[in-house]
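Numbering (the numbering used here), first residue to last: 1 to 251.
Structure, rendered in structure tokens:
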């Protein structure tokens with residue numbers, strides 16, 4: 001890029017580069033070339049790739065109205081506080097005038113104080129109206145945001161409903177039913193190919209598995225007492241008595 005082309009490009013982004021054209025000779029331009037070359041390049045690159053400052057959000061008429069009302073409310077509060085302090089001072093002055101015997105001056109101050117009280121009462125009513133207006137405006141802003149949120153949610157629901165139409169849902173349900181019917185048909189085919197012997201063996205195997213899972217049944221403990229063993233002497237006496245009985249019957 002020659003000097004003239006560089007200067008023409010630089011002049012788009014920087015106004016001070018145009019000062020070079022004041023010089024009519026090429027040596028004069030070359031004098032500034034070395035110092036302005038990098039500076040103009042940085043300015044151009046900064047304008048092309050630099051981050052743009054985001055503009056602050058615009059202030060709406062509602063925001064301006066709320067701000068004006070709050071400013072007026074604050075001024076009214078300051079006015080009320082200032083008058084209340086003034087009435088307190090005038091009350092103390094009236095007491096001092098009464099002590100000094102100047103009742104006429106004290107009466108004049110009390111009348112002035114009473115007039116200021118009526119003004120403050122009217123001012124407080126206006127202040128109440130301003131507060132109510134501020135609250136109404138702020139609540140209207142909340143309602144507006146709620147409506148916008150509902151609108152955004154409604155749009156999102158519409159977009160989600162458009163993703164799956166009724167025809168697509170019916171198609172999915174039909175495919176699901178077809179898959180279930182196909183699986184049932186396969187089960188019927190497998191069951192039909194088995195013989196009666198195979199079915200009996202399958203049932204026997206099932207019963208064996210059930211029996212293996214049941215706990216082992218132990219014999220019940222006998223509740224009757226067992227016969228006691230007879231001693232050796234008594235057994236021999238019984239045998240001798242039996243032999244004598246047999247001998248007597250033989251005679």
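Think of the CB as a built atom: it goes at the ideal place given N, C-alpha and C, for glycine as much as any other residue. Fair warning: this is a prediction, and the values are worked out from it, not measured in the lab.
Discussion item. To the nearest angstrom, how far is the alpha carbon of residue 77 from that of residue 119?
Written reply: 13 Å
Worksheet item: Are the CB atoms of residue 69 and residue 130 nearer to each other than 9 Å?
Response: yes
Discussion item. How far does the alpha helix (DSSP H) with residue 149 in it extend, from its first residue to its last?
Written reply: 103-163
Discussion item. Is the separation between the beta-carbon of residue 259 and that of residue 112 shorter than 9 Å?
Written reply: In the structure as shown, the chain begins at 1 and stops at 251. Residue 259 is therefore absent and cannot be evaluated.
Discussion item. Does residue 212 come out as helix, strand or coil in the three-state DSSP assignment?
Written reply: helix
Worksheet item: Are the beta-carbon atoms of residue 66 and residue 138 separated by less than 9 Å?
Response: yes
Worksheet item: Based on Cα-Cα distance, which residue from 108, 85, 133 and 150 lies nearest to residue 71?
Response: 133
Worksheet entry | Beta-carbon spacing of residue 116, residue 87 below 9 Å | yes
Worksheet item: Are the beta-carbon atoms of residue 127 and residue 81 separated by less than 9 Å?
Response: no
Worksheet entry | Bounding residues of the alpha helix (DSSP H) (the contiguous stretch that carries residue 88) | 61-99
Worksheet item: Considering only C-alpha positions, which residue in the set 240, 63 and 58 is nearest to residue 142?
Response: 63
Worksheet item: In three-state terms, what does DSSP make of residue 242?
Response: helix
Discussion item. Here's the rule: buried if 16 or more other CB atoms are within 10 angstroms of the residue's CB, otherwise exposed. What is residue 140?
Written reply: exposed
Item to complete: Consult DSSP for residue 58 and reduce its assignment to one of helix, strand or coil.
Response: coil
Worksheet item: Using the beta-carbon count (16 or more within 10 Å), is residue 106 buried or exposed?
Response: buried
Worksheet item: By Cβ distance, which residues of its chain are closer than 8 Å to residue 207, with the 5 residues on each side in sequence left out?
Response: none
Item to complete: Output the distance between the C-alpha atoms of residue 85 and residue 79, rounded to the nearest integer angstrom.
Response: 10 Å
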